[in-house]
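Numbering (the working numbering), first residue to last: 2 to 132.
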């Protein structure tokens with residue numbers, strides 16, 4: 002793998018964080034995870050991930066926290082995938098991918114890989130752990 006690419010997963014569900022972390026690490030990505038919006042914003046600022054997966058229902062963080070994450074995605078080379086129910090969409094959401102709940106992990110992981118590839122961050126598709 003040339004340069005280590007990274008994804009930040011901000012999701013309230015420990016199961017979701019673990020499934021995405023495991024699958025994306027198998028694709029050769031470094032994965033950071035947070036269960037709260039504020040912690041996710043701190044990690045995004047520190048690690049500058051190539052892609053952020055953001056559960057819009059992550060917690061009761063003020064809108065400014067989610068806006069800060071969205072700003073980072075729109076100002077740099079960071080791709081953004083937002084996950085939530087259709088009712089949680091709010092006016093401040095930037096252009097980006099929106100995945101409606103409920104969703105399946107397989108298509109979400111493939112879409113993350115496609116977005117990273119489209120931004121010049123090709124994911125090396127390792128075969129370890131695949132059946």
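Note that CB positions come from ideal geometry on N, CA and C, so glycine has one too.
Only a predicted model underlies this, so the values are computations on that prediction, with no experimental measurement involved.
| Asked | Found |
| --- | --- |
| Which of the three DSSP states, helix, strand or coil, is assigned to residue 66? | helix |
| Mapping DSSP to helix, strand and coil, what is residue 56? | strand |
| So, at 6 Å on beta carbons, what are the nonlocal neighbours of residue 1 in its own chain, with the 5 sequence-adjacent residues on each side left out? | Only positions 2 to 132 of the chain appear in the structure, and residue 1 is not among them; the question remains open. |
| Helix, strand or coil: how does DSSP classify residue 104 here? | coil |
| Residue 1 lies in the alpha helix (DSSP H); which residues open and close that run? | Only positions 2 to 132 of the chain appear in this structure, which leaves residue 1 out of reach. |
| Report, in whole angstroms, the separation of the C-beta atoms of residue 54 and residue 38, which I expect to be a contact under 8 Å. | The pair is not a contact, with the Cβ atoms about 13 Å apart (cut-off 8 Å). |
| Tell me which residue opens and which closes the alpha helix (DSSP H) that residue 39 is part of. | 38 to 48 |
| Whole angstroms are fine: how far does the CA of residue 75 sit from the CA of residue 33? | 19 Å |
| When you compare each of 72, 28 and 14 to residue 8 by their alpha carbons, which one comes out closest? | 28 |
| Opposite residue 9 in the DSSP bridges: which residues? | 33 and 53 |
| Look at the Cβ atom of residue 117, then the Cβ atom of residue 6, and state whether they are nearer than 8 Å. | yes |
| Thinking residue 52 and residue 113 are a contact (beta carbons under 8 Å), I'd like their distance in whole angstroms, please. | 6 Å |
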